[in-house]
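Peer 1: A single structure is presented below for examination.
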Amino acid sequence: MGWNSWNQVRCYDLTEQVVRSAADALVETGLRDKGYRYVVVDDCWQDVRRGPSGELRPHPERFPSGMAALASYVHERGLRFGIYATPGSETCAMRWDDYPGTGLGSLGHERQDAELFASWGVDFLKYDWCQADLTDGLEPEPAFRTMRAMLDDLERPMLYSIAEYGEHEPWRWAPGLADQWRTTQDLGPAWASVARVIDSQARLADFSGRPGGWNDPDMLQIGNGSLTVEECRSHFSFWAMLDAPLFLGTDIAALSPELLAIVGNEEVIAVDQDFGGEQGRRVWTGDGEEIWTKRLHSGGVVVLVHNRNETERVVTCTAERIGAPEASSYDVRDLWSHRGLGPLGDGLDLELSPHGVRLLAVAP
Ligand code: GLA
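Residues 262 to 625 (this note's numbering) make up the sequence shown, in order.
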């Protein structure tokens, strides 16, 4: 959990001041103490050329104080510091944002870069594919393993977050290699994109759920683009059901009270962080309505009921639909209204707005 610069400022607006403000806002809003610990500087932090010894350097105008100073600033606030690199010779911004760099990828510099990052105080490495097959003839798994080996040689532990957008089924080979692996293309700040990602995750439940091995459906877009409050609530609920890394990617200080309450909902964060065994599964589909369940370590289950339609719907949640033994009785709690809804009984009728969810804890 934490914050990453990309969804907020993308490339050319990334500055050390933006990163410092994010760190300050995590503390001031109380989100740090709810678990948002990593502050990650994404692509475009680099100067356009490596230095005389082949070393990466921070961009001189946008990061005048340097990366070690920035890492210290973050650490002094009880947070951890992350950075972005790539296995090939190019970064993604060189490809997609016309970033005028040369040789900014780590290819041939893996040890040098890993040691440099450690010397700066980096705690988290995002290592991003960026078509290194096309530019450099690399293959994903061995290329990600090369950097894994470098990280293993460091004194400093770093969380290893890899991204090849789910193109080579990383959930089959990345457990044990990386701590989290992207499962999708980039998430956009619009409901169609969020809905597409949710759909693509339903089949991946078997491949996640052990600490140190998480499917990553990409960073949160809450606070961005055209997403409504209702859609943000759904987005966050689904990411919790998917045991997803929760990385804010917006100006935290500018979040409305409603959105702050969404990303700060401790009952929903607890669902995300519950290593009960596996991530949520889609267990029932109706007419554009869905029910997902996730087992908790406590023995209870979290139930997400979702309306994909453009009109309001009423969905009945029953023991049968959530796959719970019908002979037992269950107590239901609403994790967004923070209220008990009483016994499940023969079923609860739930009103759902368009693109909306209800998130319920169901305990025997
Ligand atoms: C890719 C990644 C994004 C971001 C950009 C940076 O698109 O998927 O998350 O890191 O590269 O250029």
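The C-beta atom is built at its ideal place from N, Cα and C for all residues, glycine as well. Every value quoted in this text rests on a predicted model; they were computed, and no experiment measured them.
Could you give the DSSP three-state label for Thr-489: helix, strand or coil?
Peer 2: Thr-489 falls in the coil class under three-state DSSP.
Peer 1: For Leu-465, which three-state DSSP category applies?
Peer 2: Helix.
Peer 1: Following the continuous beta strand (DSSP E) through Pro-518, name the residue where it begins and the one where it ends.
Peer 2: Not the beta strand (DSSP E): Pro-518 falls in the alpha helix (DSSP H), residues 518–524.
Peer 1: What residues in its chain sit with their C-beta under 8 Å from that of Ala-424, if we drop five residues either side in the sequence?
Peer 2: If we look at Ala-424 and ignore the five residues flanking it on each side, its Cβ neighbours are Lys-387, Tyr-388, Asp-389, Trp-390, Trp-442, Arg-443, Asp-477.
Peer 1: Is it true that the segment 292–299 meets the segment 310–324, where meeting means three or more beta-carbon pairs spaced less than 8 Å apart?
Peer 2: Contact between the segment 292–299 and the segment 310–324 is absent, because fewer than three Cβ pairs lie under 8 Å.
Peer 1: Do you know how far the Cα of Arg-311 is from the Cα of Phe-437?
Peer 2: Before going on, a small fix: residue 437 reads as Gly here, not Phe. Roughly 31 Å separates the two Cα atoms.
Peer 1: May I ask you to check if the CB of Ala-379 is nearer than 7 Å to at least one heavy atom of ligand 1?
Peer 2: Every heavy atom of ligand 1 is 7 Å or more from the Cβ of Ala-379, so no.
Peer 1: Give me the residue from Ser-367, Val-575, Gly-608 with the minimum Cα distance to Glu-581.
Peer 2: Nearest C-alpha to Glu-581: Gly-608.
Peer 1: Is Tyr-388 near ligand 1 - that is, is its Cβ less than 7 Å away from at least one heavy atom of it?
Peer 2: Flag unset: Cβ of Tyr-388 not near ligand 1.
Peer 1: Is the distance from the Cβ of Thr-368 to the Cβ of Asp-397 below 8 Å?
Peer 2: One point to set straight first is that residue 368 is Leu, not Thr, in the sequence displayed. Cβ distance < 8 Å, so Leu-368 and Asp-397 count as in contact.
Peer 1: State buried or exposed for Asp-467, treating a residue as buried only when at least 16 other CB atoms are found within 10 Å of its CB.
Peer 2: By the neighbour-count rule (16 or more Cβ atoms within 10 Å), Asp-467 is not buried but exposed.
Peer 1: Given a cut-off of 8 Å, decide if Arg-569 and Glu-587 are closer than it, judged by their beta-carbon atoms.
Peer 2: Not closer than 8 Å, so no.
Peer 1: In terms of residues, what are the limits of the alpha helix (DSSP H) holding Leu-412?
Peer 2: Start and end: 401–413.
Peer 1: Below 7 Å CB to CB, which residues in the same chain sit around Arg-417 once its five sequence neighbours on both sides are set aside?
Peer 2: Once the five neighbours on either side are set aside, the close Cβ partners of Arg-417 are Ala-379.
Peer 1: I need the DSSP call for Tyr-297, collapsed to helix, strand or coil.
Peer 2: Tyr-297 falls in the coil class under three-state DSSP.
Peer 1: Can the beta-carbon of Val-301 be found less than 8 Å from the beta-carbon of Gly-263?
Peer 2: Taking 8 Å as the Cβ cut-off, Val-301 and Gly-263 qualify as a contacting pair.
Peer 1: What does the alpha-carbon distance come out to for the pair Val-532 and Asp-504?
Peer 2: Cα to Cα, Val-532 sits roughly 8 Å from Asp-504.
Peer 1: Cutting at 6 Å between CB atoms, please list the residues of its own chain near Gln-446, excluding the five before and the five after it.
Peer 2: Tyr-426, listed in sequence order.
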